[in-house]
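*Asks:* I have a structure I would like to understand better, so I am pasting it below and will then ask my questions one at a time.
Right, dumping it as structure tokens:
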């Protein structure tokens, strides 16, 4: 399939590179739809075990293109606006529903929808000079967009999430790391190699177990403790019957490293 971004697959790692560097990789209607559909399709693609998403040039993603989206949408009605907002939300939903780890390599500016795409990823690596901004209120829109008001408080807490979503001010890399918004801050030349190294490590691991871990982390956000404990008991019982768990045991007996097949 043809995309308006770069898509590469090697050793179980799918790398998505947003590729409009002249516009800081701003999203168009087509790119939104393509990303939405790709993340849905990846659920059934056994060749893909991990996804890395990054940007070309000096930006990760500056959000929706001002001229190609905002300028066009202002000429449309309520129904078209709702359809568009539901489409952008579906992208985030499909990222969270994908039972495979997603690593965001934030190489530069991640603003608006770009910040939410990073937020919806499972792991976030950030270049030292990069910045994040949930700038929706800066353009007269609610900071609650594409699931940001759901995801962000769960990641960094209600108080800081409220500050970032109300003010829309940019967050530099050291602050993002201090807030727990990103996992690591790295020199720019180490960013993508580290993301790929993390991705290869995950791809070589027990991907069924990793997928269940991601699913349970998401599912348990709205559970009480006893419900969570029971859900984890059921999930763990299933994984104890998986081939990968047996592979670990057989390798342990032979004092070897296990080879996981993701089953």
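In the numbering used here, the protein residues as written are 125 to 387.
Glycine residues also receive a C-beta, built at the ideal position from the N, C-alpha and C atoms.
All values derive from a computational prediction rather than experimental measurement.
1. So which of 315, 259 and 303 has the shortest CA-CA distance to residue 290?
2. Just curious, the beta strand (DSSP E) that residue 184 is in, first and last residue?
3. Name the two residues that bound the continuous alpha helix (DSSP H) containing residue 286.
4. Taking DSSP's pairing of strands, which residues face residue 228 in a bridge?
5. To which residues does DSSP link residue 140 through a beta bridge?
6. Given a threshold of 16 other Cβ atoms within 10 Å of its Cβ, counted over all protein chains shown, does residue 349 qualify as buried or as exposed?
7. Suppose you measure from the CA of residue 294 to the CA of residue 221; what does that come to, to the nearest Å?
8. Is the CB-CB distance between residue 257 and residue 239 below 8 angstroms?
9. According to DSSP, residue 190 sits in a beta bridge with which residue or residues?
10. Do residue 197 and residue 205 have their CB atoms nearer than 8 angstroms?
11. How is residue 348 classed by DSSP in three states: helix, strand or coil?
12. When the distance is taken between beta carbons, is residue 172 closer than 8 angstroms to residue 140?
13. Roughly how far, in whole angstroms, is the beta-carbon of residue 83 from the beta-carbon of residue 344, given that I think they are within contact range, below 8 angstroms?
14. Quick one: Cα of residue 190 to Cα of residue 126, how far?
15. Tell me whether residue 186 is buried or exposed, calling it buried when 16 or more other Cβ atoms sit within 10 Å of its Cβ.
16. Pop quiz: residue 292 and residue 233 are said to be a contact at Cβ under 8 angstroms. What is the actual Cβ separation, rounded to whole angstroms?
17. Return the chain-ordered list of same chain residues with a C-beta closer than 6 angstroms to the C-beta of residue 138, the five sequence neighbours on each side being excluded.
18. Give the secondary structure of residue 167 by DSSP, where H, G and I count as helix, E and B as strand, and everything else as coil.
19. Could you check if residue 224 is buried or exposed, using at least 16 other CB atoms within 10 Å of its CB as the buried criterion?
20. Any idea if residue 373 is buried or exposed, counting beta-carbon neighbours within 10 angstroms, 16 or more meaning buried?
21. Would you call residue 263 buried or exposed, if buried means 16 or more other Cβ atoms sit within 10 Å of its Cβ?
22. Leaving out five residues on either side along the sequence, give the residues of the same chain with a beta carbon under 8 angstroms from the beta carbon of residue 246.
23. When burial is assigned at 16 or more other CB atoms within 10 Å of the CB, is residue 236 buried or exposed?
24. Go ahead and pull the three-state DSSP assignment for residue 266.
*Replies:* Here's the rundown:
1. Taking the chain shown and counting its residues from 1, the one referred to as residue 290 is at position 166. The option with the nearest alpha carbon to residue 290 is 259.
2. Here residue 184 refers to the residue found at position 60 when the chain shown is read from its first residue. It spans 183-185 - the beta strand (DSSP E) in which residue 184 sits, taken as one unbroken run.
3. Translated into the one-based positions of the chain shown, residue 286 becomes position 162. 282-291 is the span of the alpha helix (DSSP H), which, as asked, contains residue 286.
4. Within the chain shown, residue 228 is the residue found at index 104, counting from 1. 177 and 248.
5. As a first step, residue 140 must be located in the chain shown, where it is residue number 16. DSSP output for residue 140 lists 131 and 177 as bridge partner(s).
6. Translated into the one-based positions of the chain shown, residue 349 becomes position 225. With fewer than 16 other Cβ atoms within 10 Å, it is exposed.
7. Reading the chain shown from its first residue, position 170 is the one you call residue 294. Reading the chain shown from its first residue, position 97 is the one you call residue 221. Taking the straight line joining both Cα atoms gives about 28 angstroms.
8. Here the question's residue 257 lines up with position 133 in the chain shown. Here the question's residue 239 lines up with position 115 in the chain shown. It is a contact, given that the beta carbons lie within the stated cut-off.
9. Here residue 190 refers to the residue found at position 66 when the chain shown is read from its first residue. Per DSSP, none; premise fails for residue 190.
10. Sequence index remark: in the chain shown, residue 197 carries index 73 (1-based). Sequence index remark: in the chain shown, residue 205 carries index 81 (1-based). For residue 197 and residue 205, yes; Cβs fall inside 8 angstroms.
11. The count along the chain shown starts at 1 and reaches residue 348 at position 224. Three-state result, residue 348: coil.
12. The residue labelled residue 140 in the question sits at position 16 within the chain shown. The residue labelled residue 172 in the question sits at position 48 within the chain shown. No.
13. The chain is shown from 125 up to 387; residue 83 falls before or after that span and cannot be answered.
14. By 1-based counting over the chain shown, the position of residue 190 is 66. By 1-based counting over the chain shown, the position of residue 126 is 2. Roughly 24 angstroms between the two C-alpha positions.
15. Your numbering for residue 186 matches position 62 in the chain shown. So residue 186 counts as buried.
16. One-based indexing of the chain shown puts residue 292 at position 168. One-based indexing of the chain shown puts residue 233 at position 109. Not a contact, Cβ separation roughly 14 angstroms.
17. Position 14 of the chain shown, counted from the start, is the residue given in the question as residue 138. So the list reads 172 and 175, once near-sequence residues are dropped.
18. As a first step, residue 167 is located in the chain shown; it is residue number 43 there, counting from the start. Correct three-state label for residue 167: helix.
19. Within the chain shown, numbered from 1, the residue matching residue 224 stands at position 100. Answer is buried; the Cβ neighbour count reaches 16.
20. Here residue 373 refers to the residue found at position 249 of the chain shown. So residue 373 counts as exposed.
21. Along the chain shown, read from residue 1 onward, the residue named residue 263 stands at position 139. That one is exposed.
22. Working through the chain shown from its first residue, we reach residue 246 at position 122. Closer than 8 angstroms at the Cβ level, and outside the excluded window around residue 246, lie 225, 226, 227 and 338.
23. In the chain shown, residue 236 corresponds to position 112, counting from 1. Buried: at least 16 other Cβ atoms inside 10 Å.
24. To locate residue 266, count along the chain shown from 1; it is residue 142. In this structure, residue 266 counts as coil in the three-state DSSP scheme.
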